[in-house]
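> Numbering (full-length UniProt numbering), first residue to last: 1 to 505.
Yeah, the Cβ is synthetic: ideal placement off N, Cα and C, and Gly gets one too.
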Amino acid sequence: MPPLLHGLLALSTLPLAFVLWTLYCLGRNHAKARSIGLPITVRFITPGGPLWMIFSPLIVRIATYLPFTASFIKKYRRGWECRERYRTHEEHGELFTICTPGGNYVKIGNFEVADDILRRKDDFGRDLEAFAVLNIYGKNLATTEGKEWMRHRKVAAVTFTEKNAELVWGEALKEASQMLVYWVERAKKPIRTLAQDTQIFSLNVLAAALFDRSYPFEGREERVSIAQGKASSANLVTNLVRACEDESSGSLNTETSAGGKAILTKDEIISDLFVFAFAGNDTTALTLAYVLAELAAHPKIQDWISEEIRHHTATEDVTKWDYTTCMKLKRCWAVMYETLRLSHPINQLVKNTGAEPRSITHKGTTYLVPAHTTVEINLPSLSTMPSHWGSESLEWNPKRFVTSGQGASDGFEEEAIPPDTTSTLFPWAYSRLVCPGKRFSQAELVGALAALFRDHRVEPVPEVGESMQEACRRVKTMSEDIEQRLLSEMREPENIALRWFRAQI
Numbered sequence: 001m002p003p004l005l006h007g008l009l010a011l012s013t014l015p016l017a018f019v020l021w022t023l024y025c026l027g028r029n030h031a032k033a034r035s036i037g038l039p040i041t042v043r044f045i046t047p048g049g050p051l052w053m054i055f056s057p058l059i060v061r062i063a064t065y066l067p068f069t070a071s072f073i074k075k076y077r078r079g080w081e082c083r084e085r086y087r088t089h090e091e092h093g094e095l096f097t098i099c100t101p102g103g104n105y106v107k108i109g110n111f112e113v114a115d116d117i118l119r120r121k122d123d124f125g126r127d128l129e130a131f132a133v134l135n136i137y138g139k140n141l142a143t144t145e146g147k148e149w150m151r152h153r154k155v156a157a158v159t160f161t162e163k164n165a166e167l168v169w170g171e172a173l174k175e176a177s178q179m180l181v182y183w184v185e186r187a188k189k190p191i192r193t194l195a196q197d198t199q200i201f202s203l204n205v206l207a208a209a210l211f212d213r214s215y216p217f218e219g220r221e222e223r224v225s226i227a228q229g230k231a232s233s234a235n236l237v238t239n240l241v242r243a244c245e246d247e248s249s250g251s252l253n254t255e256t257s258a259g260g261k262a263i264l265t266k267d268e269i270i271s272d273l274f275v276f277a278f279a280g281n282d283t284t285a286l287t288l289a290y291v292l293a294e295l296a297a298h299p300k301i302q303d304w305i306s307e308e309i310r311h312h313t314a315t316e317d318v319t320k321w322d323y324t325t326c327m328k329l330k331r332c333w334a335v336m337y338e339t340l341r342l343s344h345p346i347n348q349l350v351k352n353t354g355a356e357p358r359s360i361t362h363k364g365t366t367y368l369v370p371a372h373t374t375v376e377i378n379l380p381s382l383s384t385m386p387s388h389w390g391s392e393s394l395e396w397n398p399k400r401f402v403t404s405g406q407g408a409s410d411g412f413e414e415e416a417i418p419p420d421t422t423s424t425l426f427p428w429a430y431s432r433l434v435c436p437g438k439r440f441s442q443a444e445l446v447g448a449l450a451a452l453f454r455d456h457r458v459e460p461v462p463e464v465g466e467s468m469q470e471a472c473r474r475v476k477t478m479s480e481d482i483e484q485r486l487l488s489e490m491r492e493p494e495n496i497a498l499r500w501f502r503a504q505i
């Protein structure tokens, strides 16, 4: 047989070999899934497969123009959990297994089971292989476990101080005010750059928090300042370096000081800063974009939060608003909570059973999950379950988080928001796994809302022949058209056109 023909014949068998191998792997994983005892749904494509992650947006987009593809799109579109919310668990059960050729995924849609998994950190750890992509500069808080994770976590806890949150509050007010000026006075056309503008806003706030200035940080200068005992700076870089300096001199009381490496290396500091920047910038920027889109579609909620902002701020000069104002703006906090409930940038809390099988108990029945199985806590489902959130669980309504007293003279001071939402809503996780930048992002988001909506409003720009009410409905629909990229974000934010204006108060 000629070599060329032999080569062509070999190539022609590759698709068949791939199909056979896929079916073999699927059958093997299906047997493992059956051993768990939970309901099973089969997917013929592994969601985390490299080729699928690259080409799935194009494939799904093409499929939308073809007949009889609704079921395919529903199952295989990346980020389908954000679109289906509680409905998939309603169909398959609060706990079920997705079986794919690349492995099994146990989906968790029950609060008690989710809480149990999150508290059993030693049993259900992170999938470090999946997070290895963040090891660009070395290991960090996101890519370590056990004692090594504790080293990073202790230093991070010292780094993110209340003083730093105060700095973020002030910077968010300033940056949001400047962004508002651009939107109101400089943008002659409808604003279609919501996603990009919120990214710039968040990046500028982050730069101030990291470096206390708008130009690149000089590491040597900060170390000299620390060595000379100059006044402490509140920025993250200084705090992180100082935490390591204090650790090495014994001023931090940590469990690892006596029995192992206790301080972070230069590469680990850089790597942690990279993770802080990645996590802090993208997640906060995406959340702010969601918030502004929802508020544009709900003008009455804009008036509602503006009343509170004006009550607690005597002047529109944001430089005179001290940090204590942040905690008083309960309606702004409610807007933040409600938006994260429906549109969290991270839609799954991903865990792994590791080298040993792990048990989970649901409604009195114990299930044994095999080793090396991915367990995903489905946040979009948990945060929209009608059994907890009511029949209008899919409606964006920040007022659900605000309660007030029963007296006739109730005012803003009598209003309250839940001091702890972790039993039903945990956008920053909780317990030992709580996001170290939680207060950072809260101060940034509340500060942005305060500066933007004290005296101004935003509205959609209607398309030709469209009423304002129809435009609001369209913007709301588009804000909930979510696609999984690196994080969960609006699929086409550039199609949302907004107009900012000064309110007539």
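Proline 357: which of Gly125, Phe276 and Ala114 sits nearest, CA to CA?
On the sequence shown, residue 357 is found 357 positions in, with the first residue counted as 1. Proline 357 has its Cα closest to that of Gly125, out of Gly125, Phe276 and Ala114.
> For isoleucine 482, which of helix, strand or coil comes out of DSSP?
The residue labelled residue 482 in the question sits at position 482 within the sequence shown. In the structure shown, isoleucine 482 sits in a strand (DSSP, three-state: E or B).
> Should alanine 165 and glutamine 442 be called a contact, given that it needs their Cβ atoms to be closer than 9 Å?
Translated into positions along the sequence shown, residue 165 becomes position 165. Translated into positions along the sequence shown, residue 442 becomes position 442. A contact, by the Cβ cut-off of 9 Å.
> On the premise that valine 113 lies in contact with histidine 362, defined as a C-beta separation below 8 Å, what is that separation, rounded to the nearest angstrom?
As a position in the sequence shown, residue 362 is number 362, starting the count at 1. As a position in the sequence shown, residue 113 is number 113, starting the count at 1. Histidine 362 to valine 113, Cβ: 5 Å. Contact.
> If you reduce the DSSP assignment to three classes, tell me which class threonine 373 lands in.
If you number the sequence shown from 1, residue 373 lands on position 373. Coil, per DSSP.
> Measure the CB-CB distance between leucine 128 and serine 431 and report whether it falls below 9 Å.
By 1-based counting over the sequence shown, the position of residue 128 is 128. By 1-based counting over the sequence shown, the position of residue 431 is 431. Taking 9 Å as the Cβ cut-off, leucine 128 and serine 431 do not qualify as a contacting pair.
> Select from Thr424, Ala279 and Lys300 the residue whose C-alpha is nearest the C-alpha of lysine 399.
Counting from 1 along the sequence shown, the entry for residue 399 is found at position 399. The candidate whose alpha carbon is nearest that of lysine 399 is Lys300.
> When the Cβ atoms of the region 386-399 are set against those of the region 64-80, are three or more pairs found closer than 8 Å?
With the cut-off at 8 Å, the region 386-399 and the region 64-80 do not touch.
> Quick check on the burial criterion: 16 or more other C-beta atoms within 10 angstroms. Buried or exposed for aspartate 267?
If you number the sequence shown from 1, residue 267 lands on position 267. It counts as exposed.
> Excluding the 5 residues flanking glutamine 484 on each side, which residues of the same chain have their C-beta closer than 6 Å to its C-beta?
As a first step, residue 484 must be located in the sequence shown, where it is residue number 484. Cβ neighbours of glutamine 484 beyond the five flanking positions: Arg78 and Gly79.
> In the DSSP output, what is serine 71 paired with across the bridge?
On the sequence shown, position 71 is the one that residue 71 refers to. Beta-bridge pairing links serine 71 to no other residue.
> Would you list the residues sitting across from proline 460 in a DSSP beta bridge?
The sequence position of residue 460 within the sequence shown is 460, counting from 1. Answer by DSSP bridge pairing, in chain order: Leu498.
> Do the CB positions of glycine 390 and histidine 372 come within less than 9 Å of each other?
As a first step, residue 390 must be located in the sequence shown, where it is residue number 390. As a first step, residue 372 must be located in the sequence shown, where it is residue number 372. Not in contact: glycine 390 and histidine 372 (Cβ atoms no closer than 9 Å).
> Of the residues Leu452, Met468, Arg499 and Leu134, which one's Cα is nearest the Cα of alanine 279?
Position 279 of the sequence shown, counting from 1, holds the residue named residue 279. Residue Leu134 is the option with its Cα nearest to alanine 279.
> Looking only at its chain, what residues have a beta carbon closer than 7 Å to the beta carbon of threonine 422, apart from the 5 residues adjacent to it on each side?
Here residue 422 refers to the residue found at position 422 when the sequence shown is read from its first residue. Only Tyr430 meet the Cβ criterion.
> Have a look at residue 543 and arginine 85 and give me their C-alpha separation to the nearest angstrom.
Because residue 543 is not part of the residues shown, which for the chain are 1 to 505, the question remains open.
> Can you tell me whether leucine 14 is buried or exposed, with buried defined as 16 or more other CB within 10 angstroms of its CB?
For the purposes of this step, residue 14 is taken as residue 14 along the sequence shown, with counting starting at 1. Exposed.
> Residues in the same chain with beta-carbon distance under 8 Å from threonine 97, minus the five sequence neighbours each way, listed in chain order, please.
In the sequence shown, residue 97 corresponds to position 97, counting from 1. Same-chain partners within the cutoff: Ala33, Ile36, Leu38, Pro39, Ile40, Thr41, Asn104, Tyr105, Val106 and Lys107.
> Since leucine 288 and leucine 445 are thought to touch, with beta carbons under 8 Å apart, how far apart are those beta carbons, to the nearest angstrom?
In the sequence shown, the residue the question calls residue 288 occupies position 288. In the sequence shown, the residue the question calls residue 445 occupies position 445. The Cβ separation is near 6 Å, so the contact holds.
> Given a cut-off of 9 Å, decide if alanine 209 and glutamate 175 are closer than it, judged by their beta-carbon atoms.
In the sequence shown, counting from the first residue as 1, residue 175 sits at position 175. In the sequence shown, counting from the first residue as 1, residue 209 sits at position 209. Their beta carbons are not under 9 Å apart, which means glutamate 175 does not touch alanine 209 by this criterion.
> Work out the CA separation of glycine 109 and threonine 88 for me, nearest whole Å.
Here residue 88 refers to the residue found at position 88 of the sequence shown. Here residue 109 refers to the residue found at position 109 of the sequence shown. For threonine 88 and glycine 109, the distance between alpha carbons rounds to 9 Å.
> Alpha helix (DSSP H) containing histidine 312: first to last residue?
On the sequence shown, residue 312 is found 312 positions in, with the first residue counted as 1. Residues 299-312.
> Measuring CA to CA, which of Glu459, Trp52 and Glu338 is closest to isoleucine 417?
Reading the sequence shown from its first residue, position 417 is the one you call residue 417. Cα-wise, what sits closest to isoleucine 417 is Glu338.
> Rounded C-beta distance between valine 350 and asparagine 140? I'm assuming under 8 Å.
Reading the sequence shown from its first residue, position 350 is the one you call residue 350. Reading the sequence shown from its first residue, position 140 is the one you call residue 140. In fact, because the Cβ distance is near 17 Å, the residues do not count as touching under 8 Å.
> Check each candidate in Arg192, Tyr182 and Thr46 and name the one with the smallest Cα separation from proline 493.
Taking the sequence shown and counting its residues from 1, the one referred to as residue 493 is at position 493. Nearest of Arg192, Tyr182 and Thr46 to proline 493, Cα basis: Arg192.
> Expressed to the nearest angstrom, what Euclidean distance is found between the alpha-carbon atoms of arginine 454 and serine 177?
Here residue 454 refers to the residue found at position 454 when the sequence shown is read from its first residue. Here residue 177 refers to the residue found at position 177 when the sequence shown is read from its first residue. Cα to Cα, the separation comes out at about 11 Å.
> Using a Cβ-Cβ cutoff of less than 8 Å, which residues in the same chain neighbour isoleucine 496 once the five nearest sequence positions on both sides are dropped?
Along the sequence shown, read from residue 1 onward, the residue named residue 496 stands at position 496. Taken in chain order, the residues that qualify are Arg192, Leu194, Ala293, Ala296, Pro460, Val475, Met478, Ser479 and Met490.
> When you compare the CB positions of isoleucine 482 and cysteine 82, do they come within less than 9 Å of one another, or not?
Here residue 482 corresponds to residue number 482 of the sequence shown, with the count starting at 1. Here residue 82 corresponds to residue number 82 of the sequence shown, with the count starting at 1. Cβ atoms of isoleucine 482 and cysteine 82: closer than 9 Å.
> Considering only the alpha carbon of each residue, which of Leu498, Val464, Gly437 and Lys189 lies closest to alanine 142?
As a working mapping, residue 142 is identified with position 142 in the sequence shown. When each option's Cα is compared against that of alanine 142, the closest is Gly437.
> For leucine 340, count neighbouring Cβ atoms within 10 angstroms of its own Cβ and tell me buried if that reaches 16, exposed if not.
As a first step, residue 340 must be located in the sequence shown, where it is residue number 340. When all chains shown are included, leucine 340 counts as buried.
> Look at the Cβ atom of arginine 457, then the Cβ atom of phenylalanine 501, and state whether they are nearer than 9 Å.
Along the sequence shown, read from residue 1 onward, the residue named residue 457 stands at position 457. Along the sequence shown, read from residue 1 onward, the residue named residue 501 stands at position 501. In this structure, phenylalanine 501 lies closer than 9 Å to arginine 457 by Cβ.
> Taking just the CA atoms, how far does leucine 452 sit from serine 202?
Working through the sequence shown from its first residue, we reach residue 202 at position 202. Working through the sequence shown from its first residue, we reach residue 452 at position 452. Their Cα atoms are separated by approximately 14 Å.
> Go ahead and label glycine 411 buried or exposed: buried means 16 or more other beta carbons lie within 10 angstroms of its beta carbon, across all protein chains shown.
For the purposes of this step, residue 411 is taken as residue 411 along the sequence shown, with counting starting at 1. Burial call: exposed.
> Taking a contact to mean a Cβ-Cβ separation below 9 Å, would you say asparagine 281 touches leucine 206 in this structure?
Your numbering for residue 281 matches position 281 in the sequence shown. Your numbering for residue 206 matches position 206 in the sequence shown. Yes, the pair counts as a contact, with Cβ atoms nearer than the cut-off.
> Measure the alpha-carbon distance for glutamate 221 versus asparagine 204 and round it to whole angstroms.
Numbered from 1 along the sequence shown, position 221 holds the residue referred to as residue 221. Numbered from 1 along the sequence shown, position 204 holds the residue referred to as residue 204. Residue placement at glutamate 221 is flagged as unreliable, the pLDDT there being 33, under the threshold of 50; a coordinate-derived value is accordingly withheld.
> How about aspartate 303 and histidine 152: do their beta carbons lie closer than 9 Å?
As a first step, residue 303 must be located in the sequence shown, where it is residue number 303. As a first step, residue 152 must be located in the sequence shown, where it is residue number 152. No, the pair does not count as a contact, with Cβ atoms beyond the cut-off.
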